[in-house]
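Beneath this line is the structure, given in structure tokens, with notes to follow.
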Amino acid sequence: MAELIVPAGGFTPAPAVPQPNIFPLEWRVETAKLAEIYERSKLQVWNPSDFDWHLLDPWDFTPEQRLGIMYWYAVLANFDGSGPAVFAKATIHAFEMHEEDPVRKCFFSITRDEMNHEECCQRVIERLVPGGPLDFDSALFGPNATLAEAAKNNIGWLYHNGGRYWRGYSESLSKYPLSILFTSFMMGEMAASTLFHGMSRKAGHPLFQEIFRKVGLDESRHLQICLTILENDWPGLEEEHKAMITRQLRAGFVFLSMVLWEPPNQFWDIPDYFMANHRVLVQHAREGGLGVLTYEEQAENWREALAKVAKLVERWGIEFPAIPELDISGVDVGEIEAADIIPVF
Ligand SMILES: [Fe+2]
Ligand SMILES: [Fe+2]
262 MAELIVPAGG FTPAPAVPQP NIFPLEWRVE TAKLAEIYER SKLQVWNPSD
312 FDWHLLDPWD FTPEQRLGIM YWYAVLANFD GSGPAVFAKA TIHAFEMHEE
362 DPVRKCFFSI TRDEMNHEEC CQRVIERLVP GGPLDFDSAL FGPNATLAEA
412 AKNNIGWLYH NGGRYWRGYS ESLSKYPLSI LFTSFMMGEM AASTLFHGMS
462 RKAGHPLFQE IFRKVGLDES RHLQICLTIL ENDWPGLEEE HKAMITRQLR
512 AGFVFLSMVL WEPPNQFWDI PDYFMANHRV LVQHAREGGL GVLTYEEQAE
562 NWREALAKVA KLVERWGIEF PAIPELDISG VDVGEIEAAD IIPVF
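Residue numbers for the sequence shown follow this note's numbering, beginning at 262 and rising by one.
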């Protein structure tokens with residue numbers, strides 16, 4: 262049998278790994294609640310392939326409704342489609358920074374969930390408008406070809422905007438403290454859980470009800486993850502970071518309003534006809550039983566979600582930004598640039 266070697270001068274210590282760097286070789290648990298949430302994420306996991314997709318029969322909808330629902334899901338995909346990459350990147354960052362094990366795992370679980378959410382967008386679009394949202398033949402819609410072109414054009418503009426914030430987000434990971442990032446994540450999750458719970462109640466179609474219910478449940482869990490992490494991080498916040506968070510909250514409103522309500526005249530680079538066509542398409546989706554709230558209902562929903570966010574951040578002495586669009590008073594944070602946007606949903 263080979264013998265153990267112990268050099269006369271003792272073992273040579275391995276060189277220290279330069280930081281920040283690869284995976285941590287430990288599984289530190291500092292926040293038991295996060296470990297619990299991660300366990301729950303494994304139990305509540307669901308599979309988009311298991312839905313009764315045959316219930317979504319394209320022939321049950323008028324061509325206008327098919328285009329409207331496809332359009333709404335394409336708008337959503339501009340948010341949900343960034344989810345897997347955003348959280349995958351945040352997961353890698355959490356590993357590099359040697360965040361405690363449950364933080365790493367929770368981020369991984371959000372990445373997993375967001376992949377499912379994106380898959381729902383993909384499947385609805387593929388069933389209703391094969392080749393959609395960008396690569397289908399508008400002429401196939403005959404008398405509705407112009408509506409189809411308008412949908413495609415709007416989606417193209419949204420995609421262009423989606424491409425504008427990616428670089429800013431990538432750079433923000435190493436630039437901002439995690440608490441700033443998490444505040445943006447928290448706002449996105451608050452928005453998402455509010456939106457999907459509202460839509461699951463309003464949707465007329467059983468498949469949409471089911472999708473929104475499942476997605477909404479995931480989003481509530483994501484929100485809990487963010488809130489738990491923030492409870493750890495917020496107490497140590499510096500004044501300068503508080504001001505950054507106030508600005509981030511306004512950026513979140515500007516960004517998320519595109520899917521929750523209607524976007525303000527800030528950040529969004531869209532042609533002047535965009536909103537008019539958006540309203541027509543969303544109305545068709547609404548009439549198709551997708552459960553899209555009315556303009557007023559959306560505003561009320563958004564206002565409620567923001568009130569919850571405001572209450573949370575105020576506890577930690579963070580001021581809320583002015584959102585005159587919804588009659589919410591607060592601090593004026595000036596212009597919002599693409600670099601301010603932390604995409605999340
Ligand atoms: Fe999501
Ligand atoms: Fe989420």
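Quick reminder that beta carbons are idealized off the backbone N, C-alpha and C, glycines included. Computed from a predicted structure; not experimentally measured.
Check: Rounded straight-line distance, which links the Cα of residue 453 to that of residue 312; Outcome: 21 Å
Check: Simplified DSSP assignment, three categories, for residue 553; Outcome: coil
Check: Residue environment, residue 372, which counts as buried when at least 16 other CB atoms sit within 10 Å; Outcome: buried
Check: Contacting residues, own chain, Cβ-Cβ under 7 Å from residue 299 (five flanking each side not counted); Outcome: 363, 366, 367, 370
Check: At least three beta-carbon pairs within less than 8 Å, the stretch 355-362 to the stretch 272-286; Outcome: yes
Check: Per-residue burial, residue 286 [other beta carbons within 10 Å of its own, 16 or more giving buried]; Outcome: exposed
Check: In chain order, each alpha helix (DSSP H) run of at least 4 residues that lies wholly inside the stretch 293-349; Outcome: 293-304, 324-341
Check: Residue interval of the alpha helix (DSSP H) (run including residue 547); Outcome: 535-548
Check: Nearest candidate by alpha-carbon position, reference residue 529, set 514, 448, 317; Outcome: 514
Check: CA-to-CA distance, residue 498 to residue 487, given in whole angstroms; Outcome: 16 Å
Check: Near ligand 3: residue 342 beta-carbon under 7 Å from a heavy atom; Outcome: Ligand 3 is not part of the structure shown, which contains ligand 1 and ligand 2 as its ligands.
Check: Residue 582 in three-state terms, based on DSSP; Outcome: strand
Check: Length-filtered (4 minimum) alpha helix (DSSP H) runs lying within the stretch 400-472; Outcome: 406-436, 439-463
Check: Burial state of residue 413 (16 or more Cβ within 10 Å); Outcome: buried
Check: 8 Å Cβ cutoff met for residue 539 and residue 415; Outcome: yes
Check: Per-residue DSSP class, three states only, for residue 589; Outcome: strand
Check: Pairwise C-alpha distance: residue 409 and residue 403; Outcome: 9 Å
Check: Residue 504 CB to nearest heavy atom of ligand 2 below 7 Å; Outcome: no
Check: Residue of 537, 574, 461, 307 minimising C-alpha distance to residue 411; Outcome: 537
Check: Any non-hydrogen atom of ligand 1 within 7 Å of residue 375 CB; Outcome: yes
Check: Check: residue 371 C-beta below 7 Å from any heavy atom of ligand 2; Outcome: yes
Check: Three-state secondary structure (DSSP) of residue 603; Outcome: coil
Check: Contact under 8 Å by Cβ, residue 545 with residue 325; Outcome: yes
Check: Proximity to residue 331 [Cα-Cα], best of 547, 558, 603; Outcome: 547
Check: For residue 393, the nearest candidate out of 460, 417, 585 (CA to CA); Outcome: 417
Check: Reference residue 527; option with closest CA among 489, 565, 602; Outcome: 602
Check: Residue 526, DSSP secondary structure in three states; Outcome: coil
Check: Secondary structure of residue 516, DSSP reduced to three states; Outcome: helix
Check: Where residue 398 falls: helix, strand or coil (DSSP); Outcome: coil
Check: Supposed close pair residue 591, residue 580 - CB separation, criterion 8 Å; Outcome: 6 Å
Check: Under 8 Å between C-beta atoms of residue 520 and residue 397; Outcome: no
Check: Member of 549, 541, 507 whose CA lies at the smallest distance from the CA of residue 572; Outcome: 507
Check: Cβ-based neighbour list, residue 451, same chain, cut-off 7 Å, excluding 5 preceding and 5 following; Outcome: 484, 566, 569, 570
Check: Neighbourhood of residue 292 by C-beta distance below 8 Å, restricted to the same chain and skipping five residues each side; Outcome: 361, 363, 364, 489, 490, 493
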